[in-house]
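Q: First to last, the protein sequences are chains A and B. Under my numbering, the first sequence has 669 at position 14, and the numbering climbs by one with no breaks. Under my numbering, the second sequence has 730 at position 75, and the numbering climbs by one with no breaks. Heads up, the beta-carbon is just placed ideally off N, CA and C, and yes, glycines get one too. Input: one structure, supplied below.
Protein chains: 2
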Amino acid sequence: MGKQKKFVEEITAMEDNFAQWYTDVVKKADLVDYSSVRGSMIIRPYGYALWENIQKVLDGKIKETGHENVYMPLFIPESLLQKEKDHIEGFAPEVALVTHGGSEELHERLVVRPTSEVLFCDHYANIIHSYRDLPKLYNQWANVVRWEKTTRPFLRTLEFLWQEGHTAHATDEEAAEEVIKMLGVYTELCENYLAIPVIRGQKTEKEKFAGAKYTYTIESLMHDGKALQSGTSHHLGTGFAESFGIQYTDQNGDLQFVHQTSWGLTTRIIGALIMVHGDNRGLVLPPKIAPTQLMIVPIAQHKEGVLDFAYGLKEKLKNVARVGIDASDKTPGWKFNEYEMKGIPIRLEVGPKDIENGQVVLVRRDTGEKSFVPMNQLETVVTELLDDIQRNLFTKAKQHREDKTSIATSLDEFKAKLEENPGFIKAMWCGKQACEEKIKEETSATSRCIPFEQEQVHDNCVVCGDKAEHMVYWAKAY
Amino acid sequence: MGKQKKFVEEITAMEDNFAQWYTDVVKKADLVDYSSVRGSMIIRPYGYALWENIQKVLDGKIKETGHENVYMPLFIPESLLQKEKDHIEGFAPEVALVTHGGSEELHERLVVRPTSEVLFCDHYANIIHSYRDLPKLYNQWANVVRWEKTTRPFLRTLEFLWQEGHTAHATDEEAAEEVIKMLGVYTELCENYLAIPVIRGQKTEKEKFAGAKYTYTIESLMHDGKALQSGTSHHLGTGFAESFGIQYTDQNGDLQFVHQTSWGLTTRIIGALIMVHGDNRGLVLPPKIAPTQLMIVPIAQHKEGVLDFAYGLKEKLKNVARVGIDASDKTPGWKFNEYEMKGIPIRLEVGPKDIENGQVVLVRRDTGEKSFVPMNQLETVVTELLDDIQRNLFTKAKQHREDKTSIATSLDEFKAKLEENPGFIKAMWCGKQACEEKIKEETSATSRCIPFEQEQVHDNCVVCGDKAEHMVYWAKAY
């Protein structure tokens, strides 16, 4: 126990310093390493395996909904980025510029893509001519660069990985359907696979994507009460189409502009996974996304038969779970800590006595519960346990979010509630940007979204007292 | 037939202008589109689906051989790239440089990665300490940038996609084993999936990777008799480890440098796929890698029952092949041409008469052979046909390579043979760089590799007449 304790103390307790806890976990669980490049992280095998599992689920759903993957260039000529006015205003301050190539200065500087709307638009203008060419439902998996001043692994990095969907449709309605459909795909990924409950809603004008007609978002709540924007889906209207001349001939032979959407989800979501489920022993991973779902730790493995038995278990369980085994010469105590730190959902312990008794020990990562399971029930129990852990993580996270959601009807109450129970504040808003800005100035909370599920928690704007238009979720955010 | 003929004429015949034929095929088969970024291509859905299929096979084999995927930063500080002298000399002339970020000039310029050896080395220096930390078997899927002056889709582009493996080992022997193992993986991908026969061998000192101890390569021969380097695997020795200080403590407590390898395969291979199998009707895809293996074209589909029957066939065949159906209102002739252009291995035609007779028509893309197949044999025949097409493409390509391989024993003979039958020249070489350079100057053929399977085709160097050390494959190359 002494050794185990010591190891745990190596990470800061959440309650003492949440930011430090986060940094400790991403390092100790071998998710990332820092690199010589300011603000860029190295995603290590365990972190990348998580991203691959997320990709696999999401890519499947993107294809099921009729989208095709493509690949656009990394570089954007500066003049191309400037074609849509709102868009460039939003992104210009944070781009990286290539000025030299092959030892020569370039005639035109190249922007390293911060997002690829303009490249897709340029391509769409080339390939869309008739209503028969619509819809175009494209997606790409890529790296993008945004020049951030302060960075943190996964949450905010100079370069990050993501998928970006870009679609073109004949009508505004079809584009609107697409936007909500893809928000639904993100919701499904978050809730059913990552066990992260989300609030679905619309961004305010101030917070919407640069160049969009409107932006939908899913917002999740971290353990420390801060919110994290977890995926966004934008209706771009015809603004980009007008700037880039993306027109099609409709059934009547008339020229029309296409209606576009874009939507993206990034490696940030791994930050959410850590901060929603993690605890003071490290990561806690939902089984559906865990690279290893069950880790076998042999006890007294030097004794005859133990290792053979353990490998036999691995074979036996491989059809019901992603199973690992640690047969290294490290102590069981070291192994227990290591795989708790890595958030592996189930630990299986098996030693000479267990073999004698025809049983093994299963320990759940989420609750720490230990159970003795007879060999002939093992496959069934493991299957049920994985389901139960998945469900439990979601329920716990949802309960946590509810506990951390308050209602405020005045700005003073807003401040007090945010102070005493940091989390979401539900409050009414008149729709004026001045009131939204005042909340940010006085509380540093921002509007997260106007949720689709509206509640009339009061009649008047929480700031100015004028008649309220919407209930809004507010929070400090990552 | 008139219409069909017209369409075919839209692409240049191989014999008239091979380069133009290639450009026509990549455009007409919807593999790529040009972008506003000089030298950068847009990989369209059909081209990207090919890359995804290649990735799936290769990623599977990379993982089966014990490697883990990671992700390294896109940017490399200039000083880091300069740490290994030979390496920077090789890459400096072709890098893109980021000089500004977030509206400010950077203190140190950043290179957009042309390859990631130095980033892996920097990371390995951080995480490798003891013999217990070895081997490290990492791979990454990424985009890289090399500032090429003249570019062609897939073959040579400013930005391309690839996987790059980077490994660190305790001994020189282990690293040597890794290098040959991964060359084997590439060989398997090319020969068993892409139906591209390859020559395996070692690059000469002149042609090896910048910073490597030695480089292994697989070389394939295109339809026009030019060679294409299709994958390389480098033994890096301890050179990088010494420059970056990557040391481990061995079992005796002594400090040792690690022995490293790197190996890569790129989107170039799609260029090979096109130029090895394609013909004057367009692409010809090996079934194992074809996004769609069988395309159903209903005939007289306006007649009652035809479309229902065709969709029934799609359902029936979905377990034996990746099946598509084109039920659009385009003519069958248009569809035949379109799917021939796209290289789909089998076309299935079905009309009212076929339904009456309980049969369908299958047409092979590779030979054009047409057969009538009774419904009750369909699944078996399709399965066998796909196998047969796969085998046939490989056999044909191998035969073609053999037909285009000559032996030369003097420089005059070398020139004559290369002129009359462009392809590989097998010729003996003394090992001196001067002779290698002379061949390049006088014939524009380069040494492709010193093949593992040596033949003593002559006793003396084809250039200087001195005693020969190796038989070498030479060719003009992409």
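State the Cα-Cα distance for the pair P946/B and L940/B, rounded to the nearest angstrom.
A: Within the second sequence, numbered from 1, the residue matching residue 946/B stands at position 291. Within the second sequence, numbered from 1, the residue matching residue 940/B stands at position 285. Computed Cα separation, rounded: 9 Å.
Q: Output yes if chain B places a C-beta closer than 9 Å to the C-beta of W706/A; else output no.
A: What you label residue 706/A is simply residue 51 of the first sequence in a count that begins at 1. For W706/A, the answer is yes, since a Cβ of chain B falls inside 9 Å of its Cβ.
Q: According to DSSP, is G1010/B helix, strand or coil?
A: Here residue 1010/B refers to the residue found at position 355 when the second sequence is read from its first residue. Residue identity differs from the one stated: residue 1010/B is Ile in this sequence, not Gly. DSSP places I1010/B in helix when its eight states are reduced to three.
Q: Taking the runs of the alpha helix (DSSP H) that are 4 residues or longer, which of them lie wholly in the segment 905-982 of chain B?
A: DSSP assignment within the segment 905-982 of chain B yields the following whole alpha helix (DSSP H) runs of 4 residues or more, N-terminal first: 923-932 and 961-972.
Q: Just checking my contact of P732/B with V692/A at CB under 8 Å: how many whole Å lie between their CB atoms?
A: Within the second sequence, the letter at position 77 stands for residue 732/B. Within the first sequence, the letter at position 37 stands for residue 692/A. P732/B to V692/A, Cβ: 6 Å. Contact.
Q: Would H890/A pass as an interface residue toward chain B - the criterion being a Cβ-Cβ separation below 9 Å?
A: Here residue 890/A refers to the residue found at position 235 when the first sequence is read from its first residue. Judged by the 9 Å Cβ criterion, H890/A is not in contact with chain B.
Q: Which of the residues in the segment 709-734 of chain A, read from start to end, lie with their CB under 8 Å from any CB of chain B?
A: E723, N724, V725, Y726, M727, P728, L729, F730, I731 and P732
Q: One question on the structure: do H889/A and Y903/A come within less than 9 Å of each other, judged by their Cβ atoms?
A: Here residue 889/A corresponds to residue number 234 of the first sequence, with the count starting at 1. Here residue 903/A corresponds to residue number 248 of the first sequence, with the count starting at 1. Cβ atoms of H889/A and Y903/A: not closer than 9 Å.
Q: Going by DSSP, what residue range makes up the alpha helix (DSSP H) through A1182/A?
A: With chain A covering only 656 through 1133, there is no way to say anything about residue 1182/A.
Q: Would a check of beta-carbon distances place P953/B closer than 9 Å to chain A?
A: Translated into positions along the second sequence, residue 953/B becomes position 298. When Cβ-Cβ separations below 9 Å define contact, P953/B makes no contact with chain A.
Q: For E860/B, which three-state DSSP category applies?
A: Counting from one through the second sequence, the residue named residue 860/B turns up at place 205. The three-state reading of DSSP puts E860/B in coil, since its state is none of H, G, I, E or B.
Q: Roughly how many angstroms lie between the CA atoms of E670/A and L705/B, to the nearest whole one?
A: In the first sequence, the residue the question calls residue 670/A occupies position 15. In the second sequence, the residue the question calls residue 705/B occupies position 50. Rounded to the nearest angstrom, the two C-alpha atoms are 50 Å apart.
Q: Based on the DSSP secondary-structure assignment, which residues constitute the bridge partners of C1104/A?
A: Within the first sequence, the letter at position 449 stands for residue 1104/A. Y1128/A.
Q: For Q1045/A and K973/B, I'd like the C-alpha separation in whole angstroms.
A: Position 390 of the first sequence holds residue 1045/A. Position 318 of the second sequence holds residue 973/B. Q1045/A and K973/B: Cα-Cα distance of roughly 33 Å.
Q: Closer than 8 Å by beta-carbon distance: list the chain B residues that pair up with N781/A, in chain order.
A: Here the question's residue 781/A lines up with position 126 in the first sequence. Going along chain B in sequence order, the residues near N781/A (Cβ under 8 Å) are D688.
Q: Along the chain, where does the alpha helix (DSSP H) that runs through M996/B open and close?
A: Taking the first residue of the second sequence as 1, we reach residue 996/B at position 341. Looking at the DSSP string, the run of the alpha helix (DSSP H) that includes M996/B is P987 to M996.
Q: Counting Cβ pairs closer than 8 Å, one from the segment 849-857 of chain A and one from the segment 1040-1060 of chain A, do we hit at least three?
A: yes
Q: Short check: CB of E1091/B to CB of S1099/B, under 9 Å?
A: By one-based count along the second sequence, residue 1091/B stands at place 436. By one-based count along the second sequence, residue 1099/B stands at place 444. Not a contact, by the Cβ cut-off of 9 Å.
Q: So which of E832/A, E846/A and N672/A has the shortest CA-CA distance to A1052/A?
A: Residue mapping note: residue 1052/A aligns to position 397 of the first sequence, counting from 1. Selected option, being the one with the closest Cα: E846/A.
Q: Could you have a look at H889/B and say whether DSSP puts it in helix, strand or coil?
A: Walking along the second sequence from the start, residue 889/B turns up at place 234. Here H889/B sits in strand by DSSP.
Q: Using the rule of at least 16 other Cβ atoms within 10 Å of the residue's Cβ for burial, across every protein chain shown, is S1026/B buried or exposed?
A: Locating residue 1026/B in the second sequence gives position 371, counting from the first residue. Counting the other Cβ atoms within 10 Å of the Cβ of S1026/B gives fewer than 16, which makes it exposed.
Q: Is R764/A closer than 9 Å to L752/A when the C-beta atoms are compared?
A: Along the first sequence, one-based indexing puts residue 752/A at 97. Along the first sequence, one-based indexing puts residue 764/A at 109. Yes, the pair counts as a contact, with Cβ atoms nearer than the cut-off.
Q: Residues of chain B with CB closer than 9 Å to the CB of V800/A, please, in chain order.
A: The residue labelled residue 800/A in the question sits at position 145 within the first sequence. What V800/A touches in chain B: L729, F730, V753 and G756.
Q: Would you say L729/B and R768/B are within 9 Å of each other, going by their C-beta atoms?
A: What you label residue 729/B is simply residue 74 of the second sequence in a count that begins at 1. What you label residue 768/B is simply residue 113 of the second sequence in a count that begins at 1. It is a contact, given that the beta carbons lie within the stated cut-off.
Q: Assign P748/B to one of three DSSP states: helix, strand, or coil.
A: The count along the second sequence starts at 1 and reaches residue 748/B at position 93. In this structure, P748/B counts as helix in the three-state DSSP scheme.
Q: Just tell me which of L1041/B, D827/B, D741/B and S758/B has its CA closest to the CA of E749/A.
A: As a first step, residue 749/A must be located in the first sequence, where it is residue number 94. The candidate whose alpha carbon is nearest that of E749/A is S758/B.
Q: Could you give the DSSP three-state label for L686/B: helix, strand or coil?
A: Here the question's residue 686/B lines up with position 31 in the second sequence. Of the three classes helix, strand and coil, the one that applies to L686/B here is coil, per DSSP.
Q: Measure from the C-beta of V944/A to each C-beta in chain B and report whether the shortest distance is under 9 Å.
A: Counted from its first residue, the first sequence places residue 944/A at position 289. Residue identity check: residue 944/A is Ile in the sequence provided, not Val. It does not; no Cβ of chain B falls within 9 Å.
Q: Contact criterion: CB-CB distance below 9 Å. Does M837/A meet it with respect to chain B?
A: The residue labelled residue 837/A in the question sits at position 182 within the first sequence. Cβ-Cβ to chain B under 9 Å: no for M837/A.
Q: Can you name, in chain order, every residue of its own chain whose Cβ lies under 6 Å from the Cβ of K658/B, other than the five neighbours on each side?
A: Here residue 658/B is taken as the residue at index 3 of the second sequence, counted from 1. Confidence at K658/B is low in this model, with a pLDDT of 41, below 50, so its placement is unreliable and the value that follows should be read with caution. For K658/B, where only same-chain residues beyond five positions count, the Cβ hits under 6 Å are G988.
Q: For H784/B, count neighbouring C-beta atoms within 10 Å of its own C-beta (all shown protein chains included) and say buried if the count is 16 or more, exposed if not.
A: One-based indexing of the second sequence puts residue 784/B at position 129. By the neighbour-count rule (16 or more Cβ atoms within 10 Å), H784/B is not buried but exposed.
Q: Where does the unbroken beta strand (DSSP E) through G820/B begin, and where does it stop?
A: For this step, residue 820/B is matched to residue 165 along the second sequence. Where G820/B is concerned, the enclosing beta strand (DSSP E) stretches over E814 to H824.
Q: In chain A, which residues lie with their C-beta within 8 Å of the C-beta of D777/B?
A: In the second sequence, the residue the question calls residue 777/B occupies position 122. By Cβ distance, chain A contributes S690 and S691.
Q: How about L1033/B and V952/B: do their beta carbons lie closer than 9 Å?
A: Start at 1 with the first residue of the second sequence, and residue 1033/B comes out as number 378. Start at 1 with the first residue of the second sequence, and residue 952/B comes out as number 297. No, the Cβ-Cβ distance between L1033/B and V952/B is not below 9 Å.
Q: From L686/B to S1065/B, what distance separates their C-alpha atoms?
A: Residue 686/B sits at position 31 when you count from the first residue of the second sequence. Residue 1065/B sits at position 410 when you count from the first residue of the second sequence. Rounded to the nearest angstrom, the two C-alpha atoms are 42 Å apart.
Q: Quick one: grab the DSSP three-state call for G657/B.
A: Looking up residue 657/B in the second sequence gives position 2. Any reading at G657/B needs caution, since the residue's pLDDT is 38, under 50, leaving its predicted position unreliable; the model's value is listed next. Three-state DSSP puts G657/B in a helix.
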